[in-house]
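Since the structure comes first, as structure tokens, the remarks are kept for the end.
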């Protein structure tokens, strides 16, 4: 029998895919094939097929010249010894069975890095090869993903934006429930019930290499010198209202920013990092904050970088304010989750001091002027700065350096509204006293350890003694303000510690896992449990205590613990 291109005749077989020989749309083709289902094993000429197609086509609405022209462009005439034509926009087939699923290597998959093509560095239409873990752009012919699949025989790819799986170069979509774990690692999701039960569960999770870990107690990769960022991110991940807000993307997905504003990228990256830290189905027992730090570098205009050591307090202050603005926050106390968690109010009393070289009579005359009268200003705060007493200059009788100690309550007397402290400027001196008017649910204490002068930076090694539980801040409140607070007891939830020399040391953080009631020390990828009695022996830098009244509302038991010379304390 002669070929179809010469005699335009072929034997139709059931189940075969027939390419139309003239311009008819897909619906006509489907009707034609359905009408021929019962005519198997019969010889059908092209004229017979054409006649039946014309009868079916008459039943539909007439087409315009533009539609006919478009169809003719998509279907070229078949020449001798030429392959059948392929439409310009070919539909992607869907299969539930793929012979290459056993080639997927979950141990090399890492979705923590920026979604960039490894060849073109493009962010558009990026796919992850599930065999080697590399990122490539595109899926069609002559794309980097297509070339990689042909050259390396890697066939299973995941679209990092649509979360769909494809097989290349065959170009069909894979639908298989066994791939749901990969999709969940890329984009973890949490229900309201799961979030509510997080602080009541001490269930361990198993990584793909067999490592056991607690969700929320996972290490963060130190790319080069970003440990000062890691400790802040770890501490914030244990602030319950902030964590619960960012665990559900729907809470901030509706926030709209002006066109061209990239600040919302900071919110998205922080939410992704928070969900990965608390993911109970991670492939690895650690997370890389690479994408989060890229957003920080971009939005801070390289003020904070992960290649240079920085100050956690400066990063914390900038990050909370940037997060508040990115969430369309205003000056109102309840305008964002940041203010609802950390915002407090204080009253500052300021009076100007006359120059010392003046006589008493001149000083008395100046004090009667309005410029030297005491002024009162109300100011919000996100953290309180506690000043350490200066270290001793001399050694003890055994010629050894004395490590001074101070009680936390002594440092908090600065905010009782009565203690005054002198603040000097280039030309003038002022006396200030601070009075707390409203305590926030989570109170951040910054213990100022570093003093900068013209030549160098000096570190104060004073040890701060503080209780682990039931820190009463009511002692620093006036009786009138204390009556406005139903409860003034706080428990510690996080403690950041600095080790080493100024500007050259390292940072680590102690956090409380509320489900198990245990304390853990995290320094980059190293995670170990620690006794709460050891926390007070360290050089604490930042502390975060939790308001006890909030604990009752959340039905969660927190512990206030500090283990080193605290630099920053998160008290809740």
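Numbering (the UniProt record's numbering), first residue to last: 1 to 572. No residue lacks a Cβ here, since even glycine has one placed at the ideal position from N, Cα and C.
Alpha-carbon spacing of residue i relative to residue j, whole angstroms
i, j, result
"residue 100", "residue 206", "26 Å"
"residue 212", "residue 202", "12 Å"
"residue 180", "residue 258", "35 Å"
"residue 440", "residue 141", "58 Å"
"residue 17", "residue 139", "Because residue 17 carries a pLDDT of 40, less than 50, the predicted location of this residue cannot be relied on, and no value is offered for it."
"residue 160", "residue 276", "16 Å"
"residue 170", "residue 152", "14 Å"
"residue 351", "residue 414", "16 Å"
"residue 323", "residue 267", "6 Å"
"residue 302", "residue 157", "34 Å"
"residue 369", "residue 422", "20 Å"
"residue 577", "residue 501", "Residue 577 falls outside the range modelled here, since the chain spans only 1 to 572, and no answer is possible."
"residue 114", "residue 295", "10 Å"
"residue 189", "residue 176", "19 Å"
"residue 332", "residue 448", "28 Å"
"residue 452", "residue 310", "14 Å"
"residue 361", "residue 305", "55 Å"
"residue 426", "residue 499", "33 Å"
"residue 172", "residue 518", "49 Å"
"residue 540", "residue 307", "24 Å"
"residue 371", "residue 391", "36 Å"
"residue 438", "residue 485", "8 Å"
Bridge partner(s) assigned by DSSP for residue i
i, result
"residue 533", "For residue 533, which the question treats as bridged, DSSP gives no partner whatsoever."
"residue 165", "158 and 174"
"residue 513", "518"
"residue 346", "379 and 436"
"residue 575", "This structure leaves residue 575 out entirely; the chain is present only between 1 and 572."
"residue 214", "217"
"residue 385", "446"
"residue 416", "435"
"residue 287", "220"
"residue 452", "457"
Close Cβ partners of residue i (< 7 Å) along its chain, the five nearest in sequence each way excluded
i, result
"residue 236", "242"
"residue 271", "246, 249 and 252"
"residue 363", "354"
"residue 96", "175 and 176"
Close-in-space but distant-in-sequence residues of the same chain around residue i (CB under 8 Å, 5 per side omitted)
i, result
"residue 105", "130, 131, 132 and 133"
"residue 137", "117, 119, 120, 122, 124, 125, 126, 127, 143, 144 and 145"
"residue 374", "349, 350 and 351"
"residue 286", "218, 219, 220, 221 and 525"
"residue 405", "462, 463, 464 and 465"
beta-carbon residue i near the ligand MG non-hydrogen atom, thresh 8 Å
i, result
"residue 276", "As far as ligands go, the structure on display features none, and thus does not contain the ligand MG."
Residue i (DSSP reduced to helix, strand or coil)
i, result
"residue 444", "strand"
"residue 477", "coil"
"residue 494", "strand"
"residue 374", "coil"
"residue 409", "helix"
"residue 135", "strand"
"residue 15", "Residue placement at residue 15 is flagged as unreliable, the pLDDT there being 40, under the threshold of 50; the coordinate-derived value follows with that caveat. The answer is coil: DSSP assigns residue 15 none of H, G, I, E or B."
"residue 369", "coil"
"residue 292", "helix"
"residue 462", "coil"
"residue 224", "coil"
"residue 198", "helix"
"residue 117", "coil"
"residue 523", "strand"
"residue 499", "strand"
"residue 331", "coil"
Short Cβ contact (9 Å threshold) for residue i with residue j
i, j, result
"residue 148", "residue 167", "no"
"residue 403", "residue 463", "yes"
"residue 444", "residue 384", "yes"
"residue 344", "residue 476", "no"
"residue 110", "residue 284", "yes"
"residue 576", "residue 429", "Look at the range of the chain in this structure, 1 to 572, and you will see that residue 576 is not part of it."
"residue 408", "residue 471", "yes"
"residue 321", "residue 185", "no"
"residue 289", "residue 220", "yes"
"residue 573", "residue 493", "Any answer about residue 573 is impossible in this case: the structure gives the chain only from 1 up to 572."
"residue 497", "residue 538", "yes"
"residue 509", "residue 442", "no"
"residue 319", "residue 232", "yes"
"residue 239", "residue 341", "yes"
"residue 506", "residue 533", "no"
6 Å Cβ shell around residue i - same chain, five flanking residues per side excluded
i, result
"residue 278", "215 and 216"
"residue 330", "none"
"residue 98", "167 and 174"
"residue 162", "none"
CB contact check: residue i to chain B, cutoff 9 Å
i, result
"residue 386", "In summary, chain B is missing from the structure at hand, where a single protein chain is found."
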